[in-house]
Amino acid sequence: DAKTTQPNSMESNEEEPVHLPCNHSTISGTDYIHWYRQLPSQGPEYVIHGLTSNVNNRMASLAIAEDRKSSTLILHRATLRDAAVYYCIPTGSSNTGKLIFGQGTTLQVKP
Amino acid sequence: GAGVSQSPSNKVTEKGKDVELRCDPISGHTALYWYRQSLGQGLEFLIYFQGNSAPDKSGLPSDRFSAERTGGSVSTLTIQRTQQEDSAVYLCASSAGTAQETQYFGPGTRLLVL
Numbered sequence: 002d003a004k005t006t007q008p009n010s011m012e013s014n015e016e017e018p019v020h021l022p023c024n025h026s027t028i029s030g031t032d033y034i035h036w037y038r039q040l041p042s043q044g045p046e047y048v049i050h051g052l053t054s055n056v057n058n059r060m061a062s063l064a065i066a067e068d069r070k071s072s073t074l075i076l077h078r079a080t081l082r083d084a085a086v087y088y089c090i091p092t093g094s095s096n097t098g099k100l101i102f103g104q105g106t107t108l109q110v111k112p
Numbered sequence: 002g003a004g005v006s007q008s009p010s011n012k013v014t015e016k017g018k019d020v021e022l023r024c025d026p027i028s029g030h031t032a033l034y035w036y037r038q039s040l041g042q043g044l045e046f047l048i049y050f051q052g053n054s055a056p057d058k059s060g061l062p063s064d065r066f067s068a069e070r071t072g073g074s075v076s077t078l079t080i081q082r083t084q085q086e087d088s089a090v091y092l093c094a095s096s097a098g099t100a101q102e103t104q105y106f107g108p109g110t111r112l113l114v115l
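Protein sequences, first through last, are from chains A and B.
According to the working numbering, the first sequence is numbered sequentially starting from 2.
According to the working numbering, the second sequence is numbered sequentially starting from 2.
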């Protein structure tokens, strides 16, 4: 399984951008990088995923390093509702389907 | 469309009793997963069904745990002779099939074993 490293926690002020980093130096060449988040007392929810190119959707942006050994989830304007645990997970041959959740990054958003 | 649903939302049982947890995946999703999250702990994979293939049971913690998926749709996770350490939130997810596909999670079943 590809190993990931994320900071345990981060803080942000409301309406400011947040950059959540993830190192995945052992990722396979065909693995996607998925980001999920888990809001308090809820199941995980999909945020964004990518393979090589940077990706944007209505929730966030994903910047993937050229060597694919790291990626950064970008929340352009953090809201209080974005307070959650964020997980980056390589998916594909590294996990054969099952998601391997690490400790993730706990994001606190201050009003 | 409807998301993944799980029932019951909460379950309180006595040590030694059997429990069944149900998961209804998103219609058309061929892959179904069970995970659990103990209090203050991370998410732990339990079992994975993909189409008609033999399930990946590598995450089941003991032989008291079993799961089945009938007709390629609904799944039931059964815990026999429950123990207090089985108390956790049990989460089900489904996906369109391949390993790279996004998984969509249900709200979970909170199990408390007294």
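Think of the CB as a built atom: it goes at the ideal place given N, C-alpha and C, for glycine as much as any other residue.
Review point. Can you tell me whether DSSP reads R38/A as helix, strand or coil?
Key: strand
Check your understanding: Buried or exposed: where does L40/B fall if 16 or more other Cβ atoms within 10 Å of its Cβ makes it buried?
Key -> exposed
Exercise for review: Whole angstroms is fine: what's the gap from L112/B's alpha carbon to K99/A's?
Suggested key: So the two alpha carbons sit approximately 22 Å from each other.
**Study point:** Whole-Å CB distance - V90/B paired with R23/B, under 8 Å assumed
**Key:** Between R23/B and V90/B the Cβ distance is about 15 Å, and since that is not below 8 Å, they are no contact.
Exercise for review: Under 8 Å by Cβ, that's how I've got W36/A and V19/A pegged, so tell me the actual separation to the nearest angstrom.
Suggested key: Wrong, their Cβ atoms sit about 12 Å apart, outside the cutoff.
Review point. Exposed or buried, what is Q7/B when buried is set at 16 or more other beta-carbons lying within 10 Å of its beta-carbon?
Key: By the 16-neighbour rule on beta-carbons within 10 angstroms, Q7/B is buried.
Review point. If you check the beta carbons only, do L76/A and P112/A fall under 9 Å apart?
Key: Judged by beta-carbon spacing, P112/A lies beyond the 9 Å limit of L76/A, meaning their Cβ atoms are not closer than that value.
Check your understanding: Are the beta-carbon atoms of I65/A and G51/A separated by less than 9 Å?
Key -> yes
Point to revise | Coil, strand or helix - Q7/B by DSSP | key: strand
Review point. Does the separation of the CB atoms of G105/A and G43/B fall below 9 Å?
Key: A contact, by the Cβ cut-off of 9 Å.
Practice item. Quickly, what does DSSP pair S67/B with across the bridge? List them, please. Key: T79/B
Check your understanding: Listing by chain order, which chain A residues have their CB less than 9 Å from the CB of A68/B?
Key -> None at all; the shortest Cβ gap to chain A is about 13 Å.
Review point. Cβ of L113/B less than 9 Å from any chain A Cβ?
Key: no
**Study point:** Counterpart residues of N14/A in DSSP-defined beta bridges
**Key:** The bridge partners DSSP lists for N14/A are K111/A.
Check your understanding: Among residues of its own chain, excluding the 5 on either side of E15/B, which ones have a beta-carbon nearer than 6 Å to its beta-carbon?
Key -> L115
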